[in-house]
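As structure tokens, the structure follows; a few thoughts come after it.
Number of protein chains: 2
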Amino acid sequence: MKAPRQSDVARLAGVSQSAVSRVVSGDIDRIPAETQERIRAAVKELGYVPNAAARNLRNKRNRLLGVHTFEAVFPHARDDFYFEFLLGIEERAEEIGYDLVLFTSTGTSDGRRRIYRDGTNRLNLADGTVLLGAATDREELARLWHDGYLFVHIGRREVAGAEIPCIIPDYVSAADRLVTSLAERGHRHFAYLHSGIEQEAYADRRAGYRNAIERLGLHDRSPGFRGEPELTEEWLVGMASGPETAVVAETIGLAEQLRIGLAARGLSIPADLSVAVLEGSGDESGQRWDCLVVPRKEIGRLAIDALVARMENPDEEPVSRLVACELVAGETVAVPPQSKE
Amino acid sequence: MKAPRQSDVARLAGVSQSAVSRVVSGDIDRIPAETQERIRAAVKELGYVPNAAARNLRNKRNRLLGVHTFEAVFPHARDDFYFEFLLGIEERAEEIGYDLVLFTSTGTSDGRRRIYRDGTNRLNLADGTVLLGAATDREELARLWHDGYLFVHIGRREVAGAEIPCIIPDYVSAADRLVTSLAERGHRHFAYLHSGIEQEAYADRRAGYRNAIERLGLHDRSPGFRGEPELTEEWLVGMASGPETAVVAETIGLAEQLRIGLAARGLSIPADLSVAVLEGSGDESGQRWDCLVVPRKEIGRLAIDALVARMENPDEEPVSRLVACELVAGETVAVPPQSKE
DNA sequence: CCAGAGTGCTCATACGTATGAACGTGCAGC
DNA sequence: GCTGCACGTTCATACGTATGAGCACTCTGG
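Same order as they appear, the protein sequences are chains F and Z.
Mapping to the working numbering: the first sequence position 334 is 334, numbers consecutive.
The working numbering runs 1000 ahead of the 1-based position in the second sequence.
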């Protein structure tokens, strides 16, 4: 009942274990067809299957790629957060013949997931790992980097003293282009709705926004820009009476709040105010916001490719990669109202 | 840059490799606290992390569980087919400290996935595997069984000469109870809408239906029951004029067709005909069918448990397990119309 | 008829870990 | 002062594979 080994096959075929190994793993330059046949027949008869652990130990290669998220995957997959990434990851892994390990064993009682648990790094079971998730633990990232472990991170992550290779949705450029296109439609006075989230992805949006505002000589009066995430009454009043004709919101949620707040004052989008969102809007059938599209599936695929590239070229400097985000038109941007011209 | 091994730690701590192994893996009965301290310090200093491959080779245990589907997972996950199963699988694996391997490398050009590819069985990378999917390949299942590989299948699968351990939604009982509850509301004449799918899960539904019909002495006139899956004009006519007051449909799709066919004749559900479906209806906001609920998440969890149980008790006979499905009331069942009494 | 090259295969070893057996030391008991 | 034992540690080995080096043999060309 025990799984047959190469030596069992060898005995049956009347050759040595190394001959079997050569045939099984394709190193057959000096093995005549007839012997190969004999060995293959024996392999088949015994139902021999290579032992992954042994191969691994010997080769340092697994054809196994890890996926680590700092929270459970599937619950979130449903709200589309991880979903498209996984789709791309799975698709690409399948194409190039790798299996995927979902690191689930690393869960702690508080629902977070750790890479290092009592000193063990489960990740090194895989040849390399794609990390993702909003709740990235920077300390662990730093340690992983210092250990020389092979990984890429989806989304930009800045960690002092470590050069994390990332696949980065280009929010800087997307935000810049979004503002630019609003300016082209005549908007000069902008406000920015700040989510309060302190994370690279949001810093990038803010940078892109600021870039465009300055480059084009536009005017900005943003409560969020100065760091207050809430839509206060005062702000809404200011917005209604002030010169602003366009608002750039970081999230759909903020935009929705804004719409409600405006409606309460008898103002509507986009007639009175144009609103664009720096986030993909999904397919939900509500308001069709002018927004951007993060090519998540593509990013998943690229992450796998980056990982494999690094595996094949261990000496090369790891490098991050920007991925462009498209802007999509919705129904929430128009030319500025005449009343404010 | 190379990862430190136990022997490196040992040298630094001034002990032998085996002492390190003992401390690292918790076999410390005869190692005094002071030595442990020294070793732990060395582990920390070098950033030692156990090599998973070597451990696996030595232990024959991986703490890796496989998930194999005969089609790509994620595309289908979205329509909820795999989703809840995966949710349960991930959840339970996390709870008991296992990682998951998604077998993606086994894809073939035709989109199907194979377990055995040029003789190699990738699955044995994991300690055991959960198999699922509509498109189960029975030959591979049989071979896997004969190879003595450890697995469980989600959903009943019958393969000649092999006793596949399955986690089975109890469609037999659910169908029986469904008919029973219809009978309790006064229905005596039934028809059954047959999907034409030849698979155990549907055979079970049919068996349960038939059981109840016979046990309760009810009347059945089912085109589907005799094997024709289509809703023909004749059948609809027969249904409208015949004595039937209740229809049991295998799928939501069939039920929808039926509703449209009836509407075209001016008949409505449930006023003229009660309809219940032997399938979960999901959350879509359309018609709220009387139907059953397959506890998918629970089944995913049970599959993991069954797998682990078999790992821990290799000698015990593998055994399949039935999981009860609840019936949920919708808006498509009523008492029989007076006109047909 | 010998040097040299090529062919078909095997030997031996390393990968990193876990663990039963064994070894040496110190100490208690008689 | 010898026996026996507990303690702390190391030895030696096995897990299954891949591969460079090496061996025996055959053939070719000069």
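We put the CB at the ideal spot given by N, CA and C, even for glycine.
Say whether chain Z places a C-beta atom closer than 8 Å to the C-beta of residue i.
| i | result |
| --- | --- |
| R38 of chain F | no |
| P295 of chain F | no |
| R310 of chain F | no |
| E163 of chain F | no |
| L302 of chain F | no |
| L125 of chain F | yes |
Taking 8 Å as the CB-CB limit, is residue i close to chain F?
| i | result |
| --- | --- |
| Y1209 of chain Z | no |
| L1012 of chain Z | no |
| D1099 of chain Z | yes |
| E1094 of chain Z | yes |
| D1147 of chain Z | yes |
| L1150 of chain Z | no |
| L1216 of chain Z | no |
| L1141 of chain Z | no |
| L1322 of chain Z | no |
Using the beta-carbon of each residue, which ones in chain Z are nearer than 9 Å to residue i?
| i | result |
| --- | --- |
| D137 of chain F | Neighbours of D137 of chain F on chain Z: none; closest Cβ ~17 Å, over 9 Å. |
| R122 of chain F | A1052, R1063, D1099 |
| L144 of chain F | Those do not exist, as L144 of chain F stays about 11 Å from chain Z at its closest Cβ, beyond 9 Å. |
What is the rounded straight-line gap between the Cα of residue i and the Cα of residue j?
| i | j | result |
| --- | --- | --- |
| A201 of chain F | E326 of chain F | 16 Å |
| A1334 of chain Z | D1290 of chain Z | 10 Å |
| H68 of chain F | A1093 of chain Z | 14 Å |
| A276 of chain F | S320 of chain F | 28 Å |
| D1204 of chain Z | R1114 of chain Z | 27 Å |
| L1178 of chain Z | F1070 of chain Z | 31 Å |
| A162 of chain F | H187 of chain F | 41 Å |
| A1183 of chain Z | T1129 of chain Z | 42 Å |
| S18 of chain F | R40 of chain F | 14 Å |
| S165 of chain F | A263 of chain F | First, the amino acid is wrong: residue 165 of chain F is Pro here, not Ser. For P165 of chain F and A263 of chain F, the distance between alpha carbons rounds to 44 Å. |
| S1195 of chain Z | E1256 of chain Z | 13 Å |
| A1054 of chain Z | V1043 of chain Z | 17 Å |
| K297 of chain F | A303 of chain F | 10 Å |
| V1248 of chain Z | M1239 of chain Z | 13 Å |
| L46 of chain F | D147 of chain F | 41 Å |
| E1279 of chain Z | A1175 of chain Z | 10 Å |
| I269 of chain F | G242 of chain F | 16 Å |
| D345 of chain F | Q6 of chain F | With chain F represented from 1 up to 341, any question about residue 345 of chain F goes unanswered, as that position is not in the structure. |
| R185 of chain F | P337 of chain F | 11 Å |
| L1218 of chain Z | V1294 of chain Z | 26 Å |
Name the chain Z residues that come within less than 8 Å of residue i, Cβ to Cβ?
| i | result |
| --- | --- |
| F81 of chain F | Result: empty, since nearest Cβ-Cβ is about 13 Å, beyond 8 Å. |
Can you pull the chain Z residues whose beta carbon is under 7 Å from the beta carbon of residue i, in chain order?
| i | result |
| --- | --- |
| F103 of chain F | D1099 |
Can you check which of these residues, the options, is closest to residue i by C-alpha distance?
| i | options | result |
| --- | --- | --- |
| K1002 of chain Z | Z:A1175, Z:A1207, Z:V1049 | Z:V1049 |
| V328 of chain F | F:V319, F:R288, F:D170, F:L307 | F:R288 |
| I352 of chain F | F:N59, F:W235, F:Y82, F:V15 | Nothing about residue 352 of chain F can be reported from this structure: the residues present for chain F run from 1 to 341 only. |
| V1101 of chain Z | Z:N1124, Z:Y1116, Z:A1053, Z:A1271 | Z:N1124 |
| T245 of chain F | F:L267, F:S21, F:L254, F:I260 | F:L267 |
| I299 of chain F | F:V323, F:V293, F:V159, F:R221 | F:V323 |
| V152 of chain F | F:G238, F:N59, F:D29, F:L65 | F:L65 |
| Q199 of chain F | F:I213, F:L87, F:T136 | F:T136 |
| N1211 of chain Z | Z:V1172, Z:Y1192, Z:R1185 | Z:V1172 |
| D127 of chain F | F:R61, F:R38, F:L57, F:E214 | F:R61 |
| R1156 of chain Z | Z:I1168, Z:Y1149, Z:L1150 | Z:I1168 |
| T1035 of chain Z | Z:N1051, Z:D1027, Z:A1013 | Z:A1013 |
Given that residue i touches chain F, what residues does it touch there, using C-beta distances under 7 Å?
| i | result |
| --- | --- |
| D1176 of chain Z | Ordered by position in chain F, no residue passes the 7 Å Cβ test against D1176 of chain Z, which lies about 32 Å from the chain. |
| L1057 of chain Z | A53, A54, L57 |
| L1307 of chain Z | Here the premise fails: no neighbours, minimum Cβ distance about 14 Å. |
Please list the partners that residue i has in chain F, where partner means a Cβ-to-Cβ separation under 9 Å.
| i | result |
| --- | --- |
| L1132 of chain Z | Those do not exist, as L1132 of chain Z stays about 14 Å from chain F at its closest Cβ, beyond 9 Å. |
Give the residues from the stretch 18-52 of chain F that approach chain Z closer than 7 Å (Cβ to any Cβ), ordered along the chain. For the stretch 18-52 of chain F, which is checked against every Cβ of chain Z, the residues closer than 7 Å are V43, K44, G47, V49, P50, A52.
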